[in-house]
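Data first, discussion second: the structure below is written as C-alpha cells.
Protein chains in written order, with the numbering used here: chain A, 343 to 719; chain B, 343 to 719.
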C-alpha cells in the first residue's frame, strides 16, 4: 500500500517510519526543498495548490492523508475525487478555521470558552464589551504554536493587538482561568470503530507545547466526558484517522479549545507508552485495517519537546529510560527539532524521577498561569 | 552520523528504521539487487569481498557494523583499518566457525555440549565412539536456521549424514536432552558498560525460530548465570554492540549452543516490550552513546515469526495488542518475511491470551523434543 501525505514535517516523518513495519511506503508532498520527512521516504516538491504536483501524488498513492491542517480544503476535495482521502476534507474545513470550529463544537453541545466573531473594529469593541477583560484575540486561520494570538488585559493591549492582527478575520474569546490544558487523541476506523488514548496534560512555553504527561492525573471522570465529546465529533464528521482535541479544564468542566484533524504533538508519547502509537493507528485507520489497542503499556509516559536546538544525544540518553526522536531539521529559534519520551512503570517511579527529568529536559520552569493560551499574560 | 551495515536483510532494515529517530542514516551493502533494507535506506550493491563496493561503503559511513555473521573476517579487518567497525572483527571470527566458538566458550569456562572436531571419516567414527548416539553432526561454517545439521540416532542416520555433509570441516556434538532453549541478548558500549535483556525462551519449527517468550519463565537463577557468562564473552572480545548467545537448559545448567555477534531474531520483542530495543541499543553502542535500559516495559512479550508467507494484515491486527513488522520480502518457503509481537501487562493476561495467540499465530504446535537442535528427531 502506498500512502500519500500532504506535508513533510516531523509528523509526516514519523508517519513514514510507522508505515514501514506495516509494509507500506509513503510519499510526502511539501513545498520545501528538503523537508525532514524526505530523509525517510519519497518526496514530491510542490505547493499545496500546485495541481501538477498533486497529480503526481495521486499517481504515487493508494490513499492520501495530511500531517497539518492548513492544506487548502479545495486541494483535499480535488484529491478526494481521485483517491481516498482521510480524514475527510470536511474535517479540514472545520479544523482550520477557528470560528467554524467553535460553532461546530457548539452545535454538537460541546462546551467552549465564550467567543465572538470579529470582522471589524466595531465588532471588536462590541465583543470586548460582551466578554470583558482579560480576553484572547485570535486570527481565525493559520494559527499554530501560539502564533496569531494576543492576550488582552488592558485597553493598551487591545489597541496593540488590533494594530497587529486587525483587518483579518478574527475571534475574541473569554479568558478562561483554567487549571490545566488537556488533550485527547482518538482514532476512528473506516468501519466506524473508535479507540481513545488516555487524556494527556500539556504544558506550554511561549505558546509551544513543552511537556506532555500521560495519563493526566486524577482524570477518570474527565476521560469519560472527553471520550463522549470526541465520539460526537468523530461520528458527525464520519471521521477516519487520528483526531486530537485540546481542552481547558475548569473545575469539572472541559472546554474545547481546538481540534487538529491529524496526528498531534501531544500524542508522541504513544510511540513508547501505548500498545499502539498514534502513527500506527492513523495508518491502520486510513488503510482499512483493524485498530490497535490505545491502552498504556506503562504506568506513565512523559514527553518533552526540544525547541530550537537539541542537546547532545549523549546528554539526553544518559537517562537510561529516555527514548529520543530527532527530526533531522536544522536548528532555528521556536522550531520543534526533536522530542524525548520517558516512561515509568509505577507512580512511585514517576514521582521519584519526574523532578530529575524536568531538570534535565525543561528549558525553564513554567507555571500554569504563564502557559494560559500559550501566551504570557 | 552515517552507519554502514554489511547485509541488507530484515535485521539491517530494522537497524535502519531505529537509526532515524537518533538522527542517523544508514547504508547497507548487500549483493542482492533489492534487499529488503534497501526499501528504507541507501544501498550499495556488491559482494562482501568486492573491495570497490566496500570502499564505497567506507566513504558513505562514519562507523560500520554487520547484520549477519558470515561476512568474511578479512573484509571486516580491511574495513576496520579505514573506519571504526563494531562488533570487533574478532567476534565474527569466533561466531562464524562452530569449532572456534565452542573452544572459545570452553576457554572462558562456559559449559557447552560435548563436542569433537571431525575433519575425516576416521575422526567421525572416533567421535561417534566417544560421544555415542544420539548425536548431532554440524558443518563448522555457514550454518543458520538449522541448515548444515543432522541429528543422528541410528547407524543409518550416520551414514546418510556423512554422505550429505562429509568432506567439509565438521563438528560432532552430544545430543543434549534439554528442557528448553533460551537466549540472552546483551549490549556493551564503547566504554565497557554492559546491559542485559531478560532471558528469552525460544521454540523452533523445522530449525527456524518460531516463537520467543520474554521473559523465560522461572529463570531468575539462570538469568544470573547467563549474565555472568555473557559478560565473560563481552569482556574477552572487548565487544561493542549487541551480542546474542543461545543456550540449552539442562536442569540448573546452561550449555552454550552458539553466539551471534549481531542483533538477533530472539530480540525482536524488545521493540515493543523493552525500554530500549536491541536495534536502538546496538546503534547507541557502536556510535559511542550511553546505553538505554534493557528492562521490560511490559510483564510479558511474545514474538511469532512469519515464515514463508504472511497472513493478511487484517487478520494479524484483529488482535488489538498485536504489533506487526512486515519485512518487505517476497514470499518463499522457509524465509522469514515478518513477525508479530504481543505484549501482556500481567501474568494473568498472558495466561489468558497465550493460547489464543498460539492458535492465531502458530503454524502448528511444536513439542520441546521436536525442536531439539531445530531438527525433528
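For each residue, glycine too, the CB sits at the ideal point set by N, CA and C.
Asked                                                                                                                                                                                                         : Found
Under a Cβ-count criterion, where at least 16 other Cβ atoms within 10 Å of its own Cβ denotes burial, should residue 557 of chain B be classed as buried or exposed?                                         : buried
Given that residue 656 of chain A touches chain B, what residues does it touch there, using C-beta distances under 7 Å?                                                                                       : 631 and 632
Spatial neighbours of residue 630 of chain A within its chain, please: C-beta separation below 6 Å, excluding the five flanking residues on both sides.                                                       : 532
According to DSSP, residue 638 of chain A sits in a beta bridge with which residue or residues?                                                                                                               : A:616
Is there at least one Cβ from chain A nearer than 8 Å to residue 659 of chain B's Cβ?                                                                                                                         : yes
Kindly say whether residue 662 of chain B, judged by its beta-carbon, lies nearer than 8 Å to any beta-carbon of chain A.                                                                                     : yes
Evaluate residue 534 of chain B with the Cβ neighbour count: other Cβ atoms within 10 Å of its Cβ, from every protein chain shown; 16 or more gives buried, anything less gives exposed.                      : exposed
Contact criterion: CB-CB distance below 8 Å. Does residue 367 of chain A meet it with respect to chain B?                                                                                                     : yes
Just the Cα atoms here: how many angstroms apart are residue 366 of chain A and residue 503 of chain A?                                                                                                       : 47 Å
Can you give, in chain order, each stretch of the beta strand (DSSP E) that sits fully within the segment 363-390 of chain B and has at least 3 residues?                                                     : 367-372 and 384-387
Is the beta carbon of residue 625 of chain B sitting closer than 8 Å to the one on residue 357 of chain B?                                                                                                    : yes
Thinking residue 347 of chain B and residue 407 of chain B are a contact (beta carbons under 8 Å), I'd like their distance in whole angstroms, please.                                                        : 6 Å
For residue 515 of chain A and residue 455 of chain A, what's the separation of their Cα atoms in angstroms?                                                                                                  : 6 Å
List the whole-angstrom C-beta distance separating residue 413 of chain B from residue 397 of chain B, where the pair is believed to meet the contact cut-off of C-beta under 8 Å.                            : That belief does not hold up - the Cβ atoms of residue 413 of chain B and residue 397 of chain B are roughly 16 Å apart, past 8 Å.
With a cut-off of 8 Å, does the C-beta of residue 363 of chain B fall near any C-beta of chain A?                                                                                                             : yes
Going along the segment 601-629 of chain B in order, which residues come within less than 8 Å of chain A, judged by CB to CB distance?                                                                        : 614, 617, 618, 622 and 626
For residue 536 of chain A, would you say it is in contact with chain B, using Cβ-to-Cβ distances shorter than 8 Å as the test?                                                                               : no
Out of A:541, A:434, A:696 and A:572, state which residue places its alpha-carbon closest to the alpha-carbon of residue 483 of chain A.                                                                      : A:434
Could you tell me which uninterrupted alpha helix (DSSP H) segments, each at least 4 residues in length, are contained entirely in the segment 578-635 of chain B, listed from first to last along the chain? : 612-615 and 620-628
Tell me, to the nearest whole angstrom, how far the beta carbon of residue 395 of chain A is from that of residue 388 of chain A; I am working on the premise that it is less than 8 Å.                       : 2 Å
Does the count of Cβ pairs from the segment 416-431 of chain B and the segment 362-376 of chain B closer than 8 Å reach three?                                                                                : no
Ends of the alpha helix (DSSP H) at residue 425 of chain B?                                                                                                                                                   : Taken as a continuous stretch (DSSP letters only), residue 425 of chain B belongs to no alpha helix (DSSP H), as it is neither H nor E.
Measuring CA to CA, which of B:471, B:490, B:587 and B:614 is closest to residue 497 of chain B?                                                                                                              : B:471
Can you pull out the residues from the segment 379-395 of chain B whose beta carbon lies closer than 8 Å to at least one beta carbon of chain A?                                                              : 381 and 382
Just the C-alpha distance for residue 610 of chain A and residue 645 of chain A, rounded to the nearest angstrom, thanks.                                                                                     : 7 Å
Any C-beta of chain B sitting closer than 8 Å to the C-beta of residue 670 of chain A?                                                                                                                        : yes
Out of A:703, A:373 and A:500, which one is the CA nearest neighbour of residue 647 of chain A?                                                                                                               : A:703
Could you confirm whether any beta carbon from chain A is found closer than 8 Å to the beta carbon of residue 405 of chain B?                                                                                 : no
Does the beta carbon of residue 685 of chain B come closer than 8 Å to any beta carbon on chain A?                                                                                                            : yes
How far does the beta strand (DSSP E) with residue 459 of chain A in it extend, from its first residue to its last?                                                                                           : 457-460
Return the bridge partner residues of residue 684 of chain A from the DSSP annotation.                                                                                                                        : A:644 and A:664
Does DSSP put residue 531 of chain A in a helix, a strand or coil?                                                                                                                                            : coil
Using only alpha-carbon positions, find the residue among A:686, A:373 and A:410 that is nearest to residue 393 of chain A.                                                                                   : A:373
Measuring CA to CA, which of B:564, B:443 and B:403 is closest to residue 425 of chain B?                                                                                                                     : B:403
Tell me which residues share the same chain as residue 422 of chain B and place their Cβ nearer than 6 Å to its Cβ, disregarding the 5 neighbours each side in the sequence.                                  : 431
Is residue 546 of chain B close to chain A, meaning its C-beta is less than 8 Å from at least one C-beta of that chain?                                                                                       : no
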